[in-house]
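Inspection log for the structure reproduced underneath, given as structure tokens.
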Amino acid sequence: MAIRVLLDSFISTQKFGVQRALQKSFRKYMTFKKDYNELLLYLLNGLVKDALHFEEIVSGSTSGLTHIDVKIEELQHKAQDYDIYDLKPFLSSNQFSRANFELDEERGVIRHRFAR
């Protein structure tokens, strides 16, 4: 647990491109005996952060946004990097809904509503 916290803190202080490489290199230490829901929530929050960054670049601001959508497929690809292939338990978990996420299966997206 302490190693995971230390690595996560160190990685988060690095530049975006370096973060990805470090996360991949230290993946086995960051996922050791870790609840997969917690890991999937972390990955999903990373995708939301990336989407917000993209939105800010494209439109110049994210202040008017009430929500952001992330494709389920993107989360599936991230999860497969960690040998997680079944997202259903996570998508129906309390952690998922408590974090202001909702699943729109029809559109194939996960919507994150911002608390205002």
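The numbers in the working numbering rise by one with no breaks, and the one at position 68 of the sequence shown is 128. Ideal Cβ positions, reconstructed from N, Cα and C, are used throughout, including at glycine. Keep in mind it's a predicted model, so treat the numbers as computed, not measured.
Query, Result
"Assuming Y142 and L101 are in contact, meaning their beta carbons sit under 8 Å apart, how far apart are those beta carbons, in whole angstroms?", "Contact doesn't hold; Cβ gap of about 13 Å is too wide."
"Is it true that the region 115 to 131 meets the region 159 to 172, where meeting means three or more beta-carbon pairs spaced less than 8 Å apart?", "yes"
"Buried or exposed: where does Q74 fall if 16 or more other Cβ atoms within 10 Å of its Cβ makes it buried?", "exposed"
"Just the Cα atoms here: how many angstroms apart are E134 and T122?", "21 Å"
"Does the distance from the CB of F150 to the CB of N105 come in under 8 Å?", "no"
"Whose C-beta lies closer than 7 Å to the C-beta of N160 among residues of the same chain, with five residues either side of it excluded?", "H172, R173 and A175"
"Can you tell me the Cα-Cα spacing of N154 and L103, whole angstroms?", "16 Å"
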